[in-house]
Amino acid sequence: MKQTYSVNGIMCNGCVSHVKEQIEKHPDVNLVDVSSVNLMNILRKPKKAVISMNQHVSIAELQKFLDKDSEYAGRYTISQV
1 MKQTYSVNGI MCNGCVSHVK EQIEKHPDVN LVDVSSVNLM NILRKPKKAV ISMNQHVSIA
61 ELQKFLDKDS EYAGRYTISQ V
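Counting in the working numbering, the sequence shown runs without a single skipped number right up to 81 at its last residue.
Shown next, in the form of structure tokens:
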């Protein structure tokens with residue numbers, strides 16, 4: 001199943017990579033596609049994330065995986081579109 005979410009806090013393509021890597025660590029997540037940052041969308045916030053998963057994963061659970069890296073804890077927030 002695929003779900004689309006909004007992710008706040010993404011400012012660069014390094015952020016895109018970090019969000020993707022953290023969420024893909026969840027055992028029920030197969031693939032994460034986060035919209036990249038470029039000159040056309042850098043001011044558009046939040047960024048879109050399409051997440052393919054084996055079964056539904058709650059927003060709270062996804063947020064927990066985003067916050068697992070203590071250096072970035074609280075920097076990104078995920079919500080329903």
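All C-beta atoms, glycine included, are put in the ideal place defined by N, C-alpha and C.
- Listed as beta-bridge partners of Ala60 by DSSP are no residues whatsoever.
- With a contact defined as Cβ atoms closer than 8 Å, Ser79 and Ile51 miss out at about 13 Å.
- According to DSSP, Ala73 shares a beta bridge with no other residue.
- By the criterion of a C-beta distance shorter than 7 Å, Phe65 is surrounded in its chain by Gln22, Ile23, Lys25 and His26, once the five residues flanking it on both sides are discounted.
- Separation of the CB atoms of Val19 and Ala49 is rounded to 7 Å, and the pair is thereby assigned contact status at 8 Å.
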